[in-house]
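Sequential numbering of the sequence shown, starting at 29, is according to the numbering used here.
Note that CB positions come from ideal geometry on N, CA and C, so glycine has one too.
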Amino acid sequence: MQKLSKTVFFAWQLDTNPDGNKNFIWNSLNESCKNLQESSVPELSPRPERDTLGISGTPNIVQTIFKKIDSCSFFIADVTFISKTQNEKYIVNPNVMLELGYAIKTIGWERTILVLNNAYGTAENLPFDIIQHRWPIEYRITSETKVHEKRFRDLTETLTEALIDCEQYTLARASQMTSKLDTDTFKLISEFEFKNDIGIPLPARTMGEVLTSTSKISSYRRLLDLGAISVNFKPQVCYNWTNDGKNMIREINRQFPGLLEILRNK
């Protein structure tokens, strides 16, 4: 398993003035991450990431974005309105909405943060399916705004608090998952702690394999039910650690130092 990095994925748009939206939020996010790195909140060291930054060549953009969302710790979306329909319905950037929907499926609302520049419309105009789950962080920047620095500080402070809340949820979730593990599952985790691909067990062929595989299959099922692993079909069918699974392993090592190594060497 690769070292887990705390990545904050930012879904941005350029339909509105970037000085008041994309650049403003991005710079604020960078400052928030710096604040978190200096915080006393346990294991909090996120780094911001956007689009295909850091990917060489010309990758499939959509697949690259989805892959990054799959592996991110937290997700921030700029849901500022970019236009209105003839019926006066407000519209959010469709790419942002696509990425937001994927993030909700992948990492959940608890680790999703919405940001909105209400100079283009207030949060009440967002779809009900969104605001019933997560009210956005609102700020106001226009071409006539004279207090950019204060608005920047305010947004940075609010983003920092929101990220801390997300991290506290993540830690609580990891602790809850750890409490539901049994000895056989700890043993299975120790076997694949440092591996990205977790082989799917083949059907037993002998009575001995039946006896030894029963507990292992039960452990696989437990990890699937907890959301610690998921099925991956590329390039071959196998299980992979989810973000929750990686956080769970970190929590195991925090609560029980050396346990996984002992089980692995038995």
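By DSSP, does residue 358 sit in helix, in strand, or in coil?
-> Since the first and last residues shown for the chain are 29 and 294, residue 358 lies out of range.
Whose C-alpha, out of 289, 140 and 123, is nearest the C-alpha of residue 35?
-> 140
Please name the residue or residues paired with residue 39 in a DSSP beta bridge.
-> According to DSSP, which records beta bridges pairwise, residue 39 is partnered with 105.
Does any CB atom of chain B fall closer than 7 Å to the CB of residue 173?
-> The chain labelled as chain B is not found in the depicted structure, where only one protein chain is given.
Kindly give me the distance between the Cβ atoms of residue 202 and residue 275, rounded to whole angstroms, as I take these residues to be in contact under 8 Å.
-> About 4 Å separates the two Cβ atoms, so the contact holds.
Nearest CA to the CA of residue 186: which residue from 172, 142 and 169?
-> Comparing Cα-Cα distances from residue 186 to each of 172, 142 and 169, the minimum goes to 142.
Would you identify the three-state DSSP class for residue 63, choosing helix, strand or coil?
-> Helix, per DSSP.
Report the rounded CA-to-CA distance for residue 56 versus residue 167, giving the unit in angstroms.
-> 12 Å
At least three beta-carbon pairs within less than 8 Å, the region 219 to 230 to the region 167 to 186 | no
DSSP three-state assignment for residue 31, whether helix, strand or coil | Only weak support is given to the placement of residue 31: the predicted model assigns it a pLDDT of 48, under 50, and the question is left unresolved by the model.
For residue 42, which residues from the same chain have a beta carbon less than 7 Å from its beta carbon, with the 5 sequence-adjacent residues on both sides left out?
-> 50
Cutoff 7 Å; reference residue 245; Cβ partners in own chain excluding five residues on either side = 229
Could you tell me the distance, in whole angstroms, from the CA atom of residue 194 to the CA atom of residue 97?
-> 15 Å
Roughly how many whole angstroms lie between the Cα atoms of residue 225 and residue 176?
-> 47 Å
What are the start and end residues of the alpha helix (DSSP H) that includes residue 127?
-> 122 to 134
Taking the alpha carbon of residue 196 as the point to measure from, which residue in 165, 133 and 64 has its own alpha carbon closest?
-> 64
Which ranges would you report for the alpha helix (DSSP H) in the region 166 to 232 if only whole runs of at least 4 residues count?
-> 176 to 207 and 211 to 220
Do residue 164 and residue 107 have their CB atoms nearer than 7 Å?
-> yes
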